[in-house]
Every structure is written in C-alpha cells, then in structure tokens.
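>
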Amino acid sequence: MGICVHLEDILEEEIKEGNKVTREYEDEWTNESYSVRLKRPLNKNNRDDYLAISPTISYWENKDSHYMPGKGYYCKTCKHTISGPLYFDY
Ligand SMILES: [Zn+2]
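Be aware that the sequence shown starts at 4, since it is given in the numbering used here, and climbs by one per residue.
1) For Ile6, tell me which candidate among His69, Phe91 and Val39 has the shortest Cα-Cα distance.
2) Using a Cβ-based criterion (distance less than 8 Å to any ligand heavy atom), does His9 qualify as near ligand 1?
3) Take Glu109 and list the residues in its own chain whose beta-carbon comes closer than 8 Å to its own, dropping the five residues that flank it on each side.
4) Can you check whether the CB of Pro44 is closer than 9 Å to the CB of Leu89?
5) Helix, strand or coil for Leu54, going by three-state DSSP, please let me know.
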C-alpha cells in the first residue's frame with residue numbers, strides 16, 4: 004500500500020528535496036487509515052497554490068505532546084496523512 008494519489012506529489016517533492024521516510028503505518032489513529040512519517044519537517048513554502056486546487060487536502064499542525072507532535076497534510080477523501088516533525092531535530 005502506498006500514499007494516495009492526492010498526496011503523492013507532495014511526498015515525491017519532499018523526497019526530491021532530500022527528505023526521508025522514517026515510518027509507514029496503518030490504522031494507528033482512528034482518523035487515519037495510512038500514514039507516512041518523514042524525517043525532516045515538511046516544506047510548506049510554495050504549497051498554498053497546490054492546496055487551493057486540492058480541496059481534499061488540508062494542512063495541520065499538532066503541538067500536543069500526548070500525541071506525536073508534528074505537522075503535515077491530511078487527505079479527507081482517502082484518510083491518508085503525510086507528516087514530519089514540527090522543527091528540525093539535529
Ligand atoms: Zn487522497
């Protein structure tokens with residue numbers, strides 16, 4: 004199983020920019036059926052246009068440490084998520 008078509012462009016772009024997949028998991032959270040976690044924070048620059056033409060995708064940030072903090076994109080149609088940490092973690 005791979006990331007859905009709505010999010011694959013973002014994932015591809017991140018990999019191209021040097022980001023790396025650290026984890027892939029399914030059904031870990033009730034509102035996500037498939038998730039990809041990246042090593043570096045996702046680049047949000049220049050993505051506003053992309054979000055505007057893709058109403059199924061929303062951007063989110065989670066700063067609640069009870070859950071895995073991070074930020075990323077969520078596809079409402081497929082319940083897929085792509086996320087990375089909030090900040091660079093050196
Ligand atoms: Zn999708």
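Note that CB positions come from ideal geometry on N, CA and C, so glycine has one too. Nothing here was measured: the structure is a model prediction, and the numbers come from that model.
Let me lay it out:
1) The shortest Cα separation from Ile6 among His69, Phe91 and Val39 belongs to Val39.
2) Checking every heavy atom of ligand 1 against the Cβ of His9, one is found closer than 8 Å.
3) Any answer about residue 109 is impossible in this case: the structure gives the chain only from 4 up to 93.
4) yes
5) Residue state, collapsed to three classes: helix.
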